Amino acid sequence: DAKAVVVTGTELKDMSPEQLDELLTNYSEIVFARTSPQQKLIIVEGCQRQ
98 DAKAVVVTGT ELKDMSPEQL DELLTNYSEI VFARTSPQQK LIIVEGCQRQ
């Protein structure tokens, strides 16, 4: 029973850090697509908070 989601760079840009944390907590499989280098850093920092 996989819980998967795809998040684009545009969607990530509109997310607050709290929303990203909730996403990382609630989904076991996440694909980030079309992200900038700065957004990749935000993703890594979010993963490190978990």
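Count the sequence shown with the numbering used here and you get residues 98 to 147, in order. We put the CB at the ideal spot given by N, CA and C, even for glycine. In this text the structure is predicted, and so the values were computed from the model without any measurement.
Closest Cα partner of E108 within the set T132, C144 and Q147
For E108, the closest of T132, C144 and Q147 by C-alpha to C-alpha distance is T132.
Using the DSSP secondary-structure output, state which residues sit across from V102 in a beta bridge.
In the DSSP output, where bridge partners are listed per residue, V102 has I127.
Please report the Cβ distance between K100 and E126, rounded to the nearest whole angstrom; I am assuming they are in contact, meaning their Cβ atoms lie under 8 Å.
With 8 Å as the limit, K100 and E126 qualify as a contact, their Cβ atoms being about 7 Å apart.
Would you call V128 buried or exposed, if buried means 16 or more other Cβ atoms sit within 10 Å of its Cβ?
V128 should be labelled exposed.
Would you mind giving the Cβ-Cβ distance between T122 and Q147, rounded to the nearest angstrom? I have them listed as a contact below 8 Å.
Between Q147 and T122 the Cβ distance is about 7 Å, and since that is below 8 Å, they are a contact.
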